[in-house]
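Engineer:
Protein chains: 2
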Amino acid sequence: MDANAHINPPLKDVAPEDLAPEPKFMVKRRAVILSAASAFRRRGYHNTSMRDIGDILGLTKAALYYYVKNKEEILFECHLMAYDAMDDILKRPQAPDENGLSYLSGVFRDFVTLLTQSGVSILSDVDSLGGERQAQILARRNQIETAVMKAVTTGQTDGSIRAGDARLHVFFFMGALNWLNVWYDAKGRLKGEDIADHFTQQLQFGISR
Amino acid sequence: MDANAHINPPLKDVAPEDLAPEPKFMVKRRAVILSAASAFRRRGYHNTSMRDIGDILGLTKAALYYYVKNKEEILFECHLMAYDAMDDILKRPQAPDENGLSYLSGVFRDFVTLLTQSGVSILSDVDSLGGERQAQILARRNQIETAVMKAVTTGQTDGSIRAGDARLHVFFFMGALNWLNVWYDAKGRLKGEDIADHFTQQLQFGISR
DNA sequence: AATAAATTTGACTCAAGGTTCAATTTTTAT
DNA sequence: ATAAAAATTGAACCTTGAGTCAAATTTATT
Numbered sequence: 001m002d003a004n005a006h007i008n009p010p011l012k013d014v015a016p017e018d019l020a021p022e023p024k025f026m027v028k029r030r031a032v033i034l035s036a037a038s039a040f041r042r043r044g045y046h047n048t049s050m051r052d053i054g055d056i057l058g059l060t061k062a063a064l065y066y067y068v069k070n071k072e073e074i075l076f077e078c079h080l081m082a083y084d085a086m087d088d089i090l091k092r093p094q095a096p097d098e099n100g101l102s103y104l105s106g107v108f109r110d111f112v113t114l115l116t117q118s119g120v121s122i123l124s125d126v127d128s129l130g131g132e133r134q135a136q137i138l139a140r141r142n143q144i145e146t147a148v149m150k151a152v153t154t155g156q157t158d159g160s161i162r163a164g165d166a167r168l169h170v171f172f173f174m175g176a177l178n179w180l181n182v183w184y185d186a187k188g189r190l191k192g193e194d195i196a197d198h199f200t201q202q203l204q205f206g207i208s209r
Numbered sequence: 210m211d212a213n214a215h216i217n218p219p220l221k222d223v224a225p226e227d228l229a230p231e232p233k234f235m236v237k238r239r240a241v242i243l244s245a246a247s248a249f250r251r252r253g254y255h256n257t258s259m260r261d262i263g264d265i266l267g268l269t270k271a272a273l274y275y276y277v278k279n280k281e282e283i284l285f286e287c288h289l290m291a292y293d294a295m296d297d298i299l300k301r302p303q304a305p306d307e308n309g310l311s312y313l314s315g316v317f318r319d320f321v322t323l324l325t326q327s328g329v330s331i332l333s334d335v336d337s338l339g340g341e342r343q344a345q346i347l348a349r350r351n352q353i354e355t356a357v358m359k360a361v362t363t364g365q366t367d368g369s370i371r372a373g374d375a376r377l378h379v380f381f382f383m384g385a386l387n388w389l390n391v392w393y394d395a396k397g398r399l400k401g402e403d404i405a406d407h408f409t410q411q412l413q414f415g416i417s418r
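Chains as they are written, first to last, in this note's numbering: chain P, 1 to 209; chain D, 210 to 418.
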């Protein structure tokens, strides 16, 4: 029923004056999710055990269950975290004179920066989620794809983007994003900023007219 | 030791005259691999049980072990199959007057066609392979990336491809390829041929100068 | 038809890893 | 200092799915 009951931090007594949202619990919970996200990205969901996740933070796997209902919930939250961040990026204010291509470039650049600078990663293993959660995540992903596609058609209307099937335009450069997620190593020689520059340029040349 | 001993079809007696390689066994073995590849691509390696794989061919999971040593070997062969096909494509003869961009476009188009028309799929789960096999697959992948990068630098030398970090050029459009593998549905409205056309064009615009 | 080889199966074993929980340690509040 | 709440743990439990194997069935051979 109330699948999210446990995310409420255990409060001794609901002191009405102290409305500052009790951070301790949530902060550590978020740390658990982020550690897991990083491990999932590198080794994959099923190749990462609860033990592995705990080890990163110096915890026993049993301790994780104080912050999280089960492993699947961690995966779910990883997905949510990524899509929340992407939603925020899509809210970028569009200058009235800005054309579709320019807006799209900015969004894409921010996507790349998100994946290289923050610990957030796009996970592709949506099949390991059970029915309800899986549906929710697929809906979110679809919503993002739709927003990006809309930006493309806008650009096609204002003449800044080449004609052609918008979905194919989008899938092409969104693929670059997902793949980036797989090979990018924060400690490697390629710096996030450079990748963002290069990718944004390649996106522009690829679809501008 | 001889990890591949079992792929030799059980021959009653090595009749020296009959050199036509006994197909029966190998044909069905290949069918097992391909069925698994398709399931792995859609649901992921760990979300696909031996039972699932057997079901596709109307077999019991126990029967699969007649054709294959273990599940990991299936994954390994899936990877090999994809990389073998990609190696073949890279062997494409290069007309003496053909520039780097043109060669690369042809290769890329064939890659797209491979993924949409044949049952072959690029699997990304290389972490589920044990040490030796994993190393082998990573080497193969690296070898292909190197070949594609070489094509890019050739194109940069002959003036057909924009300057810039060759690795970034490559990762961008190879991402499209890997992502294609995730979303493409043979029964969907997008036809493989159209995707190949569009993607090849987007590749060209993206990196030509 | 009889026999041998090839193929398939049902029933079982086994290990890995996710999950639970009562008990313990650490932190916070009085 | 003491008590209550929060955080963590070790040891068990349990489910899932990979892998084994002797026996049964199907296919090829003489």
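For each residue, glycine too, the CB sits at the ideal point set by N, CA and C. None of the values given here were measured: they were computed from a predicted structure.
Report the neighbours of P/V182 on chain D: residues whose CB is nearer than 7 angstroms to its CB, in chain order.
Structural biologist: Start at 1 with the first residue of the first sequence, and residue 182 of chain P comes out as number 182. What P/V182 touches in chain D: S333.
Engineer: According to the neighbour-count rule (16 or more other Cβ atoms, all chains shown, within 10 Å of its Cβ), is D/Y254 buried or exposed?
Structural biologist: On the second sequence, position 45 is the one that residue 254 of chain D refers to. Buried is the call here.
Engineer: Does the distance from the C-beta atom of P/S121 to that of P/N181 stay below 8 angstroms?
Structural biologist: The count along the first sequence starts at 1 and reaches residue 121 of chain P at position 121. The count along the first sequence starts at 1 and reaches residue 181 of chain P at position 181. Yes, they are a contact pair.
Engineer: Assign P/A36 to one of two classes, buried (16 or more other C-beta atoms within 10 Å of its C-beta) or exposed (fewer than that).
Structural biologist: As a first step, residue 36 of chain P is located in the first sequence; it is residue number 36 there, counting from the start. Buried, by the Cβ-count rule.
Engineer: Which ranges would you report for the alpha helix (DSSP H) in the segment 147-195 of chain P if only whole runs of at least 4 residues count?
Structural biologist: 166-183
Engineer: Roughly how many angstroms separate the alpha carbons of D/D406 and P/D197, rounded to a whole number?
Structural biologist: As a position in the second sequence, residue 406 of chain D is number 197, starting the count at 1. As a position in the first sequence, residue 197 of chain P is number 197, starting the count at 1. Each residue's Cα considered, the two are about 27 angstroms apart.
Engineer: Determine the direct distance from the alpha carbon of D/S311 to that of D/I404, and round the result to whole angstroms.
Structural biologist: Position 195 of the second sequence holds residue 404 of chain D. Position 102 of the second sequence holds residue 311 of chain D. Distance between the alpha carbons of D/I404 and D/S311: 18 angstroms.
Engineer: Check this for me: beta carbons of P/I89 and P/L115, under 8 angstroms apart or not?
Structural biologist: Mapped onto the first sequence, residue 89 of chain P falls at position 89. Mapped onto the first sequence, residue 115 of chain P falls at position 115. Their beta carbons are not under 8 angstroms apart, which means P/I89 does not touch P/L115 by this criterion.
Engineer: Per DSSP, which one or two residues make a beta bridge with D/S417?
Structural biologist: Here residue 417 of chain D corresponds to residue number 208 of the second sequence, with the count starting at 1. BP columns for D/S417 point to D/I370.
Engineer: Looking only at its own chain, which residues have a Cβ that is under 8 angstroms from the Cβ of D/C287, when we skip the five neighbours before and after it?
Structural biologist: If you number the second sequence from 1, residue 287 of chain D lands on position 78. The residues are I242, A245, A246, F249, S330 and L332.
Engineer: Return the chain-ordered list of same chain residues with a C-beta closer than 7 angstroms to the C-beta of D/R260, the five sequence neighbours on each side being excluded.
Structural biologist: Taking the second sequence and counting its residues from 1, the one referred to as residue 260 of chain D is at position 51. So the list reads K270, once near-sequence residues are dropped.
Engineer: Can you pull out the residues from the segment 359-384 of chain D whose beta carbon lies closer than 9 angstroms to at least one beta carbon of chain P?
Structural biologist: R371, G373, D374, R376, L377, H378, F380, F381, F382, M383 and G384
Engineer: Could you tell me the distance, in whole angstroms, from the CA atom of D/G340 to the CA atom of D/L289?
Structural biologist: Taking the second sequence and counting its residues from 1, the one referred to as residue 340 of chain D is at position 131. Taking the second sequence and counting its residues from 1, the one referred to as residue 289 of chain D is at position 80. Answer to the nearest angstrom: the Cα atoms are 16 angstroms apart.
Engineer: Sorted by chain position, which residues of the same chain lie with C-beta nearer than 6 angstroms to D/K221's C-beta, five sequence neighbours on each side aside?
Structural biologist: If you number the second sequence from 1, residue 221 of chain D lands on position 12. Reliability fails at D/K221, whose pLDDT of 42 lies under 50, so the model's placement of it is uncertain and the value that follows must be treated cautiously. Here the set comprises nothing.
Engineer: Is it buried or exposed for D/V321, if we count other Cβ within 10 angstroms and need 16 for buried?
Structural biologist: By one-based count along the second sequence, residue 321 of chain D stands at place 112. Residue burial is scored here from C-beta neighbours: D/V321 has at least 16 other C-beta atoms within 10 angstroms and is therefore classed as buried.
Engineer: Quick one, which of P/G192, P/K69, P/R162 and P/M26 has its alpha-carbon nearest P/S118's?
Structural biologist: If you number the first sequence from 1, residue 118 of chain P lands on position 118. Comparing Cα positions, the closest option is P/G192.
Engineer: Label P/N142 either buried or exposed according to how many other C-beta atoms from any shown protein chain fall within 10 Å of its C-beta, with 16 as the threshold for buried.
Structural biologist: Stepping through the first sequence from its first residue, residue 142 of chain P is reached at position 142. Here P/N142 is exposed: its Cβ has fewer than 16 other Cβ atoms, across all protein chains shown, within 10 Å.
Engineer: Please report how far the alpha carbon of P/D97 lies from the alpha carbon of D/Q365, in whole angstroms.
Structural biologist: What you label residue 97 of chain P is simply residue 97 of the first sequence in a count that begins at 1. What you label residue 365 of chain D is simply residue 156 of the second sequence in a count that begins at 1. Taking the straight line from one Cα to the other gives about 35 angstroms.
Engineer: Within the 8 angstroms Cβ cut-off, does D/R260 reach chain P?
Structural biologist: As a position in the second sequence, residue 260 of chain D is number 51, starting the count at 1. Not closer than 8 angstroms to any Cβ of chain P, the Cβ of D/R260 fails to qualify, so no.
Engineer: Would you mind giving the Cβ-Cβ distance between D/V361 and D/L284, rounded to the nearest angstrom? I have them listed as a contact below 8 angstroms.
Structural biologist: Counting from 1 along the second sequence, the entry for residue 361 of chain D is found at position 152. Counting from 1 along the second sequence, the entry for residue 284 of chain D is found at position 75. Actually they are not in contact, since the Cβ atoms of D/V361 and D/L284 sit about 30 angstroms apart, beyond 8 angstroms.
Engineer: For P/I195, decide whether its Cβ has a neighbour in chain D, counting only Cβ atoms nearer than 8 angstroms.
Structural biologist: Mapped onto the first sequence, residue 195 of chain P falls at position 195. Chain D contact via Cβ: present.
Engineer: Can you find a CB in chain P that lies within less than 8 angstroms of the CB of D/F320?
Structural biologist: As a working note, residue 320 of chain D is residue 111 in the second sequence. No, D/F320 lies away from the interface with chain P (no Cβ there is under 8 angstroms from its Cβ).
Engineer: What's the call for D/A291, buried or exposed, on a 16-neighbour Cβ count within 10 Å?
Structural biologist: The residue you call residue 291 of chain D lines up with position 82 of the second sequence. D/A291 is buried by the Cβ-count criterion.
Engineer: Using the Cβ count rule (16 or more neighbours within 10 Å means buried), how would you classify P/H92?
Structural biologist: Translated into positions along the first sequence, residue 92 of chain P becomes position 92. The residue asked about is misnamed: residue 92 of chain P is Arg in this sequence, not His. Exposed: under 16 other Cβ atoms inside 10 Å.
Engineer: For a contact meaning CB atoms closer than 7 angstroms, what does P/D127 contact in chain D?
Structural biologist: Against the first sequence, residue 127 of chain P aligns to sequence position 127. What P/D127 touches in chain D: R252, G253 and N256.
Engineer: Determine whether the beta carbon atoms of P/L208 and P/R133 lie at a separation below 8 angstroms.
Structural biologist: Here residue 208 of chain P corresponds to residue number 208 of the first sequence, with the count starting at 1. Here residue 133 of chain P corresponds to residue number 133 of the first sequence, with the count starting at 1. Per the sequence presented here, residue 208 of chain P reads as Ser, with Leu not at that position. Not closer than 8 angstroms, so no.
Engineer: Just the chain P side, please: which residues come within less than 7 angstroms of D/H407 by C-beta, in chain order?
Structural biologist: Working through the second sequence from its first residue, we reach residue 407 of chain D at position 198. Result: G164, D165 and L168.
Engineer: Run through DSSP, which three-state label would P/K91 get?
Structural biologist: Counting from 1 along the first sequence, the entry for residue 91 of chain P is found at position 91. Looking at P/K91 - three-state DSSP - the assignment turns out to be coil, as it is neither helix nor strand.
Engineer: On the three-state DSSP scale, how would you describe D/H288?
Structural biologist: Against the second sequence, residue 288 of chain D aligns to sequence position 79. D/H288 falls in the helix class under three-state DSSP.
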